[in-house]
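Here the sequence shown is numbered in the numbering used here, starting from 509 and rising by one per residue.
Taking it in order: structure first as structure tokens, then the write-up.
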Amino acid sequence: MKKTGLFVLLLATAAWAQSGAEASADPQGTSPTTASFPTQRVQTPTYADLYCAGFISKQILPDSNYVAGGLQTPTTTKFTRGDMIYLQGTGYSAGAEYEIVRALRDVNEYEMYPGEKKLLKEAGQPYEEVGRVKIVDTRSKTAIGQIEYACDGINPGDTAIPFAEKQAVTFHDQVRFDRFLPASNKLSGRIVMGKDFDSQLGTGHKVYLNVGSNQGVKIGDYFRAVRSYEADLKDPVDSLSFKAAIAEDTQKKTPSVDPAMFTKGNGPVIHVRDLPRRAVGEIVIIGVTNTTATGMIVFALEDVNAGDGVEADQIQ
């Protein structure tokens, strides 16, 4: 029993000595120690991550080549891997591969963040990447293709465009994630939309940014998703917490929240605009157009939201 107690004491002493050494490395306390940063553990994107991510394009894709049906038309309207489908249009040749994409519209009229509709309109047309088809016969008025890969059910009316291989993404080693890194003059933008119109996203989910190759964005670049507490204040759900009482019953001087002053107090004022900006996740770019980029969330400390800001990260 005495030996066990001595062992525990030695462990505690060693831990105290280590923390003291870390503190002495920054005696003025002007910068944080990396020991307080969580470690990023990122996962290499799969084939589905790269080829089913979707994208937003400022330029509307030509839709003269499209899916007209399939072997089981009209009883089947969703076609999957291995199925034979018919393609309307011109320019098909046996052995050629085509990507099947779908122009999307959001049937939900609700804005997930202030200004969403305006930002989406400026960004362009969202497209879903649905699958890949190989042409096997061109003797009829409609070409016949076999589905080689399907991200979702391929539907009549979906657009066929020439297939192009995706660029592979190189991942960085595990690093510490500075959650409270101050804003810099690096390229910044916003998450204008999540894949499938999702508003709350996590690790592995795809997001679309309103910056692209015209701003120097490349496949393999990293962006950190960031959010201010003022953004929470503007959110119709998160702002409810600011309206709740924050004081303890026994506090003589009760604090209040600025700028809305939801709970008036006689004590200190919490200035929301002065609270530090926080990083909520890390995004790797897996696709780019001239004005937009498709990213995959590879690390998230909390939900990443549509409308969050993004800033180019120094990780390369």
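We put the CB at the ideal spot given by N, CA and C, even for glycine.
All of these numbers come straight from a predicted model, not from anything done at the bench.
In summary, asparagine 718 is buried, with 16 or more beta-carbon neighbours lying within 10 Å of its beta-carbon over all protein chains present.
Asparagine 573 counts as buried, since at least 16 other C-beta atoms from the protein chains shown sit within 10 angstroms of its C-beta. Here the alpha carbons of alanine 651 and glycine 597 stand approximately 8 Å from one another. Cα atoms of leucine 809 and threonine 711: separation of roughly 9 Å, rounded to the nearest angstrom.
Per the Cβ contact rule, the region 683-700 is not in contact with the region 584-594 (fewer than 3 Cβ pairs under 8 Å). In the DSSP assignment, valine 609 forms a beta bridge with Glu637 and Thr667.
The Cβ neighbour count for isoleucine 608, taken over all protein chains shown within 10 Å, is at least 16; the residue is labelled buried. The beta carbons of valine 792 and valine 806 sit about 5 Å from each other, so the pair counts as a contact at 8 Å. Distances from the CA of methionine 804 to each of Ala691, Gly603, Leu612 and Val715 were compared; the closest alpha carbon is that of Val715. Only buried fits histidine 713, as 16 or more other CB atoms lie within 10 angstroms of its CB. Runs of beta strand (DSSP E) with 3 or more residues, each lying fully within the region 714-768, are found at 714-717, 730-735 and 764-766, listed in chain order. Judged by DSSP in its simplified three-state form, alanine 808 adopts strand.
For alanine 631, the uninterrupted alpha helix (DSSP H) run begins and ends at 624-631, by DSSP.
If you draw a straight line from the Cα of valine 734 to the Cα of glycine 665, it comes to about 38 Å.
Per DSSP, the unbroken beta strand (DSSP E) holding alanine 651 starts and ends at 651-658. Histidine 779 and valine 575 have their C-alpha atoms spaced approximately 56 Å apart.
The continuous beta strand (DSSP E) containing leucine 595 extends over residues 592-596. Rounded to the nearest angstrom, the gap between the Cα atoms of alanine 753 and alanine 668 is 56 Å.
Sequence-distant Cβ neighbours of lysine 742 in its own chain, meaning closer than 7 Å and more than five residues away, are Pro622. Across the structure, threonine 799 and glutamine 723 are spaced so that their CA atoms are roughly 8 Å apart. The shortest CA-to-CA distance from leucine 569 to any of Thr646, Gly632 and Val788 is the one to Gly632.
Per DSSP, reduced to three states, the secondary structure at valine 792 is strand.
The beta-bridge partner set that DSSP reports for methionine 701 consists of Tyr716. Partner residues in the beta bridge of glutamate 819, as assigned by DSSP, are Ser696 and Arg732.
In the three-state DSSP reduction, tyrosine 574 falls in the strand class (E or B). Distance from the Cα of cysteine 560 is smallest, within the candidate group Asn813, Asp729, Tyr730 and Asp704, for Asp704. Going by DSSP, alanine 556 is part of the alpha helix (DSSP H) stretching over 555-559. Within the same chain, Cβ atoms closer than 6 Å to the Cβ of serine 696 are found at Glu819, the five residues on either side in sequence being excluded.
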